[in-house]
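Down below is the structure, laid out as structure tokens.
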Amino acid sequence: MGATGTIVVAAPEGQALASAGNRAALQALTKEAAALPGVVAALDPFQAGAVSQDGRYALVQVQFAEPRDKLTDAQRTAYENSGKSARAAGLRVEHGGEVTGTGTEIGGTEGLGVAVAAVVLIITFGSLVAAGMTLLTALIGVGAGMAGLFALSSTIELTSTAPVLALMLGLAVGIDYSLFITSRHRQNLRDGLAPEEAAARAVGTAGSAVVFAGATVVIALAGLAVVGIPFLSVMGLAASATVAVAVLVAITLQPALLGFAGLRVLPRKERGTEHDPAAARPGFGFRWAYIVTRWRVPFIVAGVLVLGGLAVPAAQMRLALPDAGTAAEGSAARRAYDLISEGFGPGFNGRLAAVVTGESPKATTRAAKEAAAAIQATKGVLAVTPPQLNASGTTALLAVFPATGPTDEATETLVHDIRAKVAKIGDVSLTGQTAIGIDVSEKLADALPVYLLLVVGLSVLLLMLVFRSVLVPIKAALGFLLTVGATFGITVAVFQQGRLSDLFGVDTPGPLVSFLPILLIGILFGLAMDYQVFLVSRMREDFVHGDTARQATISGMGHGARVVTAAALIMISVFGGFVFMDDPIIKSIGFALALGVAVDAFVVRMTIVPAVMSLLDARAWWLPRWLARVLPNVDIEGERLREHLDRAAPDVAVKA
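Written out as structure tokens, the structure is:
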């Protein structure tokens, strides 16, 4: 079925469209619309009965031959520019419908996140060279990923949101992964290694962790394909491909640049001086770890209660595909939507289509009349148009106008009620953008628990491989659930219930976009595992090398807190930059991701996790012997590399 457009026309207050001058202008507009490139027909509002009761408003229905995704920019532009003569005659003309759906523009607001990331990197490293190289590597990675994505756009159908999501994630993880490798490289330089050797060991240790962390993000995003909805699969695969490119750049180009830069990646005061770890003052990470481990029970209880309380609004979460009613105020689609609601009621923006098929024209006509009567008698139906039969008379089309808007909960109930009634009549299908949106939202809602279980199960399995422990993965999975719950709750409160909506530029609160929860779970899972790996792997390393469980927890937090804090701030700034975009979909995704990263990094990973690790003590690293024999040792922190280097060191000394 071809795309449809709706041109809304309104006469000045106190006038009617039926007057001679206004009617002539309206008929001229109808003829102009019918002659547009790609248009099959445009219906005269007076002949189609698409004039409001007061006579001030009319709808010109425009039918295109091609579906929405096949329309060219020239066809869209011609459609949106039609009606100049009608405006000159004093009529208000607004263009709406499927044709006005445009792609999301990538503008300057994303640069705010990059600017904040640059400031965070400079503060973290104390070196313009280190900060610049880290940022440059990330930008090269995301540039290569986006270039490849657009190169494939001629053969793969991309949604307007897919490139923006890929850019969002590519920037965030690209900067973070380069940050982790640069941090380890700088530590190696402080330990006295030559720049080339320091870079090589950074890739062999932190680089392995980056590969694992990136793999979890890729798996989680690619797993969106299991839902079975094409546009969501494209979004997940596009973003996962960009993340994969970011990982490859981080472990190839980044160490090459680091080796080339030499000691310039260190602050000027540290170049040429010997680093004495014993003389270094304990940083904030160590001090915070001492506080959390000392008052572990209050921190655990407070963290769980706060996040649990923030998750409460998630119980009222409603999902829907976005319509023009949530578009940015002042946009063409929003102006047309508001004008239709003003003249005809909100239900005219959510028109449904009942398709009746029969073996003969007589059977089709009879079934269509029965269906029209049944639909008209359904509570919540405002109007049903007379059946329109095709040339052979075997298919009839009825337009159904609900009394409520497309994303209203009553419209969702109405769709189910109509389908239940017409199921007894014959071969009758209820479709249209509103019905399709409801079906997609319900499918995504049904898939959400399954996908969440899949992601949580995967996290337990992967972390069991990494940390060779049973309780650490379970603790990580429970922490992830707290993050997801709190993020859902706050996002519902802002975007659906309208709390603090003005602060974040939410023009019209309403249901969350239907794919946001499942997309959020996939992305936050990968990012949460990043922080889990970079913090807890150091705890395990120190515990294996003889530290007590509490000492290992404090050491892991002390060494990892600075880097994880910087990484989280960068993630938040990059995702937060998308909150300033007008597109409500991108705005909600950016907000939810920035919020989720903040909750997971600062509340869960850096507060609840060390408190629980301290409470569990040595039991945190318990693993049954039979399971230890079965599980492979992935060694993401390069322990075997360090053992090999330690064994090789005496031989080198003897030869020297």
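If you want the working numbering, it's the 1-based position in the sequence shown plus 323.
Ideal Cβ positions, reconstructed from N, Cα and C, are used throughout, including at glycine.
These numbers come from a predicted model, not from an experiment.
Contact check, Phe848 vs Leu835, beta carbons under 8 angstroms: no
Might you give, ordered along the chain, the residues of its own chain that have their beta carbon closer than 8 angstroms to the beta carbon of Thr734, omitting 5 neighbours on each side? Gly670, Gly673, Gly703, Pro725, Thr727, Gly728, Thr757 and Ile761
Apply the 10 Å Cβ neighbour rule to Gln510 and answer buried if 16 or more other Cβ atoms are within range, or exposed otherwise. buried
Alpha carbons only, please: which of Ser937, Phe901, Thr930 and Leu630 is nearest the one belonging to Leu492? Phe901
To which residues of the same chain is Thr482 closer than 7 angstroms at the C-beta, ignoring the five residues directly before and after it? Phe554, Val557 and Met558
Ala601 - DSSP class collapsed to helix/strand/coil: For Ala601, the pLDDT reaches just 47, beneath the cut-off of 50, and the residue's location in the model is therefore unreliable, although a value from the coordinates is still provided. Reduced to three states, the DSSP call for Ala601 is helix.
May I ask which residues mark the beginning and end of the beta strand (DSSP E) holding Thr327? Thr327 to Ala333
Skipping 5 residues on each side, what residues in its chain have a beta carbon closer than 7 angstroms to that of Gly530? Ile504 and Ile574
Integer Cβ distance of Thr718 from Thr680, believed to fall under 8 angstroms: 5 angstroms
Can you find at least 3 beta carbon pairs, one from the region 882-893 and one from the region 606-617, that sit closer than 8 angstroms? yes
Under DSSP, the beta strand (DSSP E) around Val723 begins and ends at which residues? Thr718 to Pro725
What's the call for Glu864, buried or exposed, on a 16-neighbour Cβ count within 10 Å? buried
When the distance is taken between beta carbons, is Ala485 closer than 8 angstroms to Pro390? no
Are the beta-carbon atoms of Pro933 and Thr876 separated by less than 8 angstroms? yes
Whole angstroms are fine: how far does the CA of Ser837 sit from the CA of Val859? 34 angstroms
What alpha helix (DSSP H) runs, 4 residues minimum, are completely inside the region 642-722? 655-667 and 684-699
Strand pairing of His418, partner residues [DSSP]: Ile330
If you draw a straight line from the C-alpha of Leu781 to the C-alpha of Gly749, how long is it? 45 angstroms
Kindly indicate the opening and closing residues of the alpha helix (DSSP H) around Val572. Pro553 to Ala584
With a 10 Å radius around its C-beta and 16 neighbouring C-beta atoms as the bar for buried, classify Thr395 as buried or exposed. exposed
What number of angstroms, rounded off, separates the C-alpha of Ala988 from the C-alpha of Ala365? Lying outside 324 to 979, the shown extent of the chain, residue 988 is not represented and no answer is given.
Once the 5 residues before and after Ala637 are set aside, which same chain residues still bring their CB inside 7 angstroms of it? Gly808, Phe811, Gly812 and Val815
Tell me which residue opens and which closes the alpha helix (DSSP H) that Val629 is part of. Arg619 to Leu633
Where do the N-terminal and C-terminal ends of the beta strand (DSSP E) with Thr754 fall, by residue? Val751 to Thr754
For Leu642 versus Gly845, is the C-beta distance shorter than 8 angstroms? no
Could you check whether the region 376-386 touches the region 328-343, counting it as contact only if at least three pairs of C-beta atoms, one from each stretch, sit closer than 8 angstroms? yes
Distance between beta carbons of Ile908 and Pro645, contact taken as under 8 angstroms: 6 angstroms
For Thr565, tell me which candidate among Met469, Arg617 and Gly913 has the shortest Cα-Cα distance. Met469
Cα-Cα separation, Thr754 to Val723: 10 angstroms
Mark Leu451 as exposed unless 16 or more other C-beta atoms lie within 10 angstroms of its C-beta, in which case mark it buried. exposed
Using CA atoms only, rank isn't needed, just tell me which of Asp392, Arg524 and Phe448 is closest to Ser476. Asp392
Out of Leu850, Arg948, Pro335 and Arg587, point me to the one whose CA is closest to Ala495's CA. Leu850
Identify every residue that forms a DSSP beta bridge with Gln386. Thr327 and Ala364
Note the first and the last residue of the continuous alpha helix (DSSP H) segment covering Gln510. Thr484 to Arg513
Helix, strand or coil at Leu939 according to DSSP, with G and I counted as helix: helix
Compute the distance between the beta-carbons of Ala454 and Ala441, then report whether it is under 8 angstroms. yes
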